[in-house]
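Protein chains in written order, with our numbering: chain Z, 745 to 954; chain V, 189 to 932; chain W, 751 to 1077. From the three backbone atoms N, C-alpha and C, an ideal C-beta is built for every residue, glycine too. Taking it in order: structure first as structure tokens, then the write-up.
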Amino acid sequence: MATNHEPDVPANHNENRRTFLKQSSLLTALALVPGPVVSAAEAKLDERVAEAIEQIPLSLKVNGKKLKLKVEPRTTLLDLLRENLHLTGTKKGCDYGQCGACTVHVDGQRVNSCLSFAVMHDGQEITTIEGLAEGDKLHPMQEAFVKHDGFQCGYCTPGQIMSAVACVREGHAGSETEIREYMSGNICRCGAYSNIVAAIQDVKSGGQKV
Amino acid sequence: MNAPEKKIGAPMNRVDGRQKVTGAAKYSAEYELPNMAYAVLVGSTVTKGRLSSIDTKDAERAPGVLAVITHLNAPKAPGVKPTGKDPSQPQTVGSALQVFMDDKIRFNDQPIAVVVANTLERARFAARLVRAQYAKEKHQTNLEANKANAFLPTQAKKNPKSPAADYQRGEVDAYKTGALKLEAEYVIPTEVHHPMELQAITAHWEAPDRLTLYDKTQGTMATRRDFARQWGLPEENVKVIATYVGGAFGNALHSWPHESAAIIAAKVVNRPVKLMLTREQMFTMVGYRPHTWQKIGMSATADGKITAITHESIGQTSTYEEFVEATLGQTKMMYQSPNLTTRYRLAALDVGSPIWMRGPGEATGAFALESAMDEMAFLLNIDPMEFRLRNYTDQDPEKNRPWSSKFLKECYQAGAQRVGWNKRQLKPGSLRDGEWFIGYGMGVGTFGAHRGSSKASAQLLPDGTVLLQSAVTDIGPGTGTAMTQIAADTLGLPPEKIRFEWGNSDFAQAPTQGGSAIVNTVGPAVQEVCMALKDKLRELAATSNGAFATAKKEDVSFADNHLTLAGNSTARATYADLVRQAGGKAVTVESKPSGEGQKFSMYSFSVHFAEVRVHELTGEVRVSKLISCADAGTIINEKTAGNQMKGGAVGGIGMALMEHAIIDDRFGRYVTKDLADYHVPVHADSPAIEVFFVNQPDPYVNQLGTKGIGEIATIGVAPAIANAVFNATGKRVRELPITPDKLV
Amino acid sequence: MNQFQYVRPTKPQAAIDAVAKDANARFIAGGTNLVDLMKRGVMTPQKLVDINRLDFRKIERQNNALRIGALALNSTVADDKQVRERQPLLALALNAGASPQLRNMATVGGNMLQRTRCAYFYDVTMPCNKRQPGTGCGALEGVNRMHAIFGFSDKCIAVHPSDMSVALVALDATVQVSGPKGNRSIPFADFHRLPGDTPEKDTNLEPGELITAVDVPDNPFTKHVHYQKVRERASYAFALLSVAAALDIDNGGTIKAARLAMGGVAHKPWRLTAAEQVLVGKPATEESFRQAATVAMQGAKAFKYNEYKLRLGPNAIVQALKTAAAA
């Protein structure tokens, strides 16, 4: 899916497929015979019709870049990032909010991107692991993860780092025990927990801006 | 010029660290290919029987659907043999499940269809529209109920020397007549690898006879071999790429149905197809540590000498593959028992096939053996470490030959001191901190120091970088980093001048990553190819500068874009010239074990010490200290090796305290379906784990002195924790995991 | 997942109308449970009414109660100064639930409306009267180690998974709702239902009714409180069972007032009023707590795999009260 330049349609104007067909001026000709066209779309006779009625507009700022998109309402924020925007740094580890690999920041808060629909974030600002470094200069948390070897396979790592940055910003990195509790939403099956905690403590005590 | 700092042993940062912390590292579902399609598997909802009908019409009509493939319309790969009919499979009797070959259902959630669509959302939706009818048959999924049907594995029937065959030294079941004896049963539930990366593959037919797979596999070459054979293609027509593997712990040691399904789907729709399993499917389709029952009988003298051990085991396998693991291996060689009997059996159930899971059978066996050691020490009123020392083996009692190296006593000492073993009381329940009982326990682990054969290629690039390539994968231990260090030391180059590339079946041959054997095997190949490269470069330099012709190898070094000779400032050859002379060709060297292995028993050893706290009212267990000590030979990278040890320990915490996949036998379906039901340790479950390496080179495994870490990091951890729980509470839990319900 | 219609009203009445008039419509707020259930086909709404743009996020004190907007995030509530000072038990319960990320998404209203985590409910191929009335209860004769010991029926033995709700029922909260017929208040204890013959209904909300806020009345339980959650790992897990305990203890160590509720034991957060009465007037000692625990467990009945809850339950109550008293 590429960005598109159609005018914004307020999201609450989106209706289900049948009523959308009836109302859409873009599809007036089709609206004359809504029933058959809908079934035609369902029967895959016209892919473009199906796409036109299944997707709704969405404005997002992702890693500082403003995007105007069209998405199906059922597309999760995670799948939008990975499959449509090709920002594959955000990982799918369970798809049910049970592992934290998909952690991103929405308006500065860490969330599981697998458990919300992308359309629910209209107008919001998303930061992913790809948006953390400043150009070639790694974020202090990224540096600390490399230095303390806070990973093995690397798959949970972007989620751990996004969560770790939020953990420090929230003020929940006060002690080893507090860090362990407030990082427990990010599973590392390789078991690099000791090193991740060391990395977070290093950043916290280093006093750098996170 | 000063000699460059040694890189072997240095705690170097990972060579792929930056890729991993920036999200740039690409895993198998993350390659962008034009015209990508998405595949979703549909699983059987019954456990055994036949598909009587399968209705795909609604799915086919759904928007964006490109194909719905079942056994009725799947193209048959020419090299596929029916499920269970391919005895050529190297590791198992029977053969892997061949997807969409027939209407037979062998386990619940067995793939019965794959739906391919132009978006993930559409494929997922349409997969729900596939409707199947089944002719159900009565199934068996309960190990306990099927113990009576357990059988000796075929490989043991055929070969009495097989490790799975019954083993005997001294008298059979001699423990039964021992004066002081114990008899106890131990159970390990089904545990699931659950790497954080869901199993995924992107299959791309680049031409009708050329297949590229971006696949989560531990062995690019094994995967290439499997699928080349399935499709009747020359191996060189299949390319397998697995640069980054998001953990595997053994579950990518086998080719699985979803991989075949994606390849079939890509063939049918003639587009690249991406298939990622769901977390539910990770329970059913890609193996697990098998549910295993064990019984140990042990007798000892009053002064703490073991007189006999009998160790029996029944592990679950599927109906179509005999999965065998070395559950009883440690029992045969760890302690000096004159009488020893082992019996290994399998019970075939209507489940998917198991596969080695970190520390594999040895970890299962060590739970029983090391628990029994603790039980016997308690019976004898002897400190469990002292009891182990009284039965320590200075040579291998199984094979009657010396160890290539063994520094386990040093590990005992280091660990005991670090955990504060002197605080441990013989009487359970003696130590408390408020509402928490405190206990100490230990568990020993061992795993064969295996070395296979491997090649590596090396090439000097015009900018002075040496490019090394190996088909090996790096599933997380830091293989790429260790190889870079070995190359840097061998060539005398800084690590920045080494580029080690891995995870591609087109690269130089290397074995599958598994069995703690990669540094043992690929390390020497890398070292040897670097020496060969140096030699080759010296030869090339000699053609224009005679000083190089007679030079000793160790005098040749790399500096400032030149090959130089110690003590001869005029002997210089530029890289650019050498590269031109070499025609840009890679040097490939094969490295093989020396054969010394015949004379020695080669093992890595570990001991784990745990301090646990058990809440007096709620029965919750917290591991407050965990010390893992290893005799693993030379440590190439203290940082990554230490991390690997810590990770194995965390895996052991999971095994001991929480991991348990449960099937409702009425349906043959898992009721633990995701990471909320199947618990693995989180940050809060892990203490700061301390690691100690003896770091003494083994003289015989290979020239690097390595022995392997991956398995011993986990083996012995679960019994250390279980023993500590006993020491804290006096409650002996013989069926894992030790959840609060078992202690209140 | 099926395609659905998505609307995002900015006025409560529009949201209520959208759901009241369409049996296949659902509100969505944090989405942390609904999206999960939709992915697995357990819930298949045809229309989602996104209420996140409604103005129900405030936390304010009025009429001797703390009014917490239904859309206030779990993390916001747990960190809120007024909540921590006036209703610390609620903050403890919230922080015991889920993970920081999920607490940043989940709302107070949504937390109350979580569906059970019963494995049979979650698997569309298994029998479950809650998901599909008339198919039977898979857990009754199945793997029921997580299941109810109080208030179950032969139609359903599932438990409610919320931690927050255990605190709210203990604290005599009131749920404020708006619906097609106007506004009403529901005492928290009457908000969730027991399964009876209609386990498909988790709560007493009428179709189209929207939770707007929860009122937590002022109380003396600002010091001696504890939320004891027993789980199979140290964090980020649903409870085997949990106990919310609040005590008001006079200077002589005598209990003036007590609140006690359990989670993970019934189809609804389980208030233990009889046990509370045992405590009043007694010294805050382990002996009193044990007496209360014994009373609390009266009527508890176990199934094949959750018999441990009969032992763990009273122990957890004692532990919760001990910790609360010592706080």
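Continuous alpha helix (DSSP H) stretch holding residue i: start and end
i: Ala705/V; result: It is not in any alpha helix (DSSP H) - Ala705/V carries neither H nor E in the DSSP assignment.
i: Met409/V; result: Thr408 to Gln418
i: Lys597/V; result: Leu596 to Val607
i: Ile873/Z; result: From DSSP, Ile873/Z is part of no alpha helix (DSSP H); its letter is neither H nor E.
i: Arg319/V; result: Element bounds for Arg319/V: not the alpha helix (DSSP H) but the beta strand (DSSP E), Arg319 to Lys324.
Residue i and residue j closer than 9 Å at C-beta
i: Gln978/W; j: Ala1066/W; result: yes
i: Ile452/V; j: Ala250/V; result: no
i: Ala779/W; j: Ala768/W; result: no
i: Lys188/V; j: Gly898/Z; result: Outside the displayed span of chain V (189 to 932) sits residue 188/V, for which this structure offers no information.
i: Gly902/Z; j: Gly808/Z; result: Just to set this straight, residue 902/Z is Pro in the shown sequence, not Gly. Not a contact, by the Cβ cut-off of 9 Å.
i: Val909/Z; j: Ile923/Z; result: no
i: Ala729/V; j: Leu751/V; result: yes
i: Arg531/V; j: Phe339/V; result: no
i: Gln518/V; j: Leu557/V; result: yes
i: Asn894/W; j: Phe1053/W; result: yes
i: Asp297/V; j: Gly540/V; result: yes
i: Gly781/W; j: Met864/Z; result: yes
i: Val827/W; j: Ala815/W; result: no
i: Ala430/V; j: Tyr402/V; result: yes
Within chain C, the residues that residue i reaches when beta carbons sit closer than 8 Å
i: Ile905/Z; result: The displayed structure is made up of protein chains Z, V and W, and chain C is not among them.
Between the CA atoms of residue j and residue i - distance to the nearest angstrom
i: Met573/V; j: Tyr355/V; result: 27 Å
i: Leu1071/W; j: Ser1038/W; result: 10 Å
i: Ala188/V; j: Leu577/V; result: Summary: the structure shown does not reach residue 188/V, with chain V confined to residues 189 through 932, and so no result is reported for it.
i: Val777/Z; j: Arg310/V; result: Low local confidence applies: a pLDDT of 32 at Val777/Z is under 50, so the model's placement there is unreliable, with the coordinate-based value given in what follows. If you take the alpha carbons of Val777/Z and Arg310/V, they lie about 25 Å apart.
i: Pro650/V; j: Ile824/V; result: 28 Å
i: Ala344/V; j: Leu516/V; result: 14 Å
i: Ala1074/W; j: Leu997/W; result: 7 Å
i: Cys934/Z; j: Ala845/Z; result: 13 Å
i: Phe895/Z; j: Gly830/V; result: 12 Å
Proximal chain Z residues relative to residue i, where beta-carbon distance stays under 8 Å
i: Glu961/V; result: With chain V represented from 189 up to 932, any question about residue 961/V goes unanswered, as that position is not in the structure.
i: Ser874/V; result: Arg924, Gly935, Tyr937 and Ser938
i: Lys789/W; result: Asp839 and Tyr840
Contact list for residue i against chain Z, beta-carbon separation under 7 Å
i: Ser928/W; result: The premise fails here: Ser928/W is roughly 19 Å from chain Z at the closest Cβ pair, so nothing lies under 7 Å.
Cross-chain neighbours of residue i in chain W, by beta carbon under 7 Å
i: Val863/Z; result: Tyr756
i: Glu798/Z; result: Gln753
Residue i - containing beta strand (DSSP E), residue span
i: Arg810/V; result: Val809 to Asp819
i: Arg533/V; result: Asn527 to Leu537
i: Ser949/Z; result: Segment Tyr937 to Gly950 is the alpha helix (DSSP H) holding Ser949/Z; no beta strand (DSSP E) there.
i: Arg687/V; result: Ile686 to Glu689
i: Val304/V; result: Pro299 to Ala305
i: Asn783/W; result: Where Asn783/W is concerned, there is no enclosing beta strand (DSSP E), given that its DSSP letter is neither H nor E.
With 16 other Cβ atoms within 10 Å as the buried cut-off, status of residue i
i: Asp786/W; result: buried
i: Ser501/V; result: buried
i: Ser276/V; result: Reliability fails at Ser276/V, whose pLDDT of 44 lies under 50, so the model's placement of it is uncertain and the value that follows must be treated cautiously. Burial call: exposed.
i: Thr466/V; result: buried
i: Pro1064/W; result: buried
i: His830/Z; result: exposed
i: Thr921/Z; result: exposed
i: Val360/V; result: exposed
i: Asn861/W; result: buried
Partners in chain V for residue i, counting only beta-carbon separations shorter than 8 Å
i: Met1012/W; result: Per Cβ cutoff of 8 Å: no residues; Met1012/W is ~13 Å from chain V at best.
Partner residues on chain V for residue i, Cβ-Cβ distance less than 7 Å
i: His830/Z; result: Glu220
Neighbour list for residue i in chain W, Cβ cutoff strictly below 8 Å
i: Trp805/V; result: Residue identity check: residue 805/V is Leu in the sequence provided, not Trp. Those are Asn1065, Ala1066, Val1068 and Gln1069, listed as they occur along chain W.
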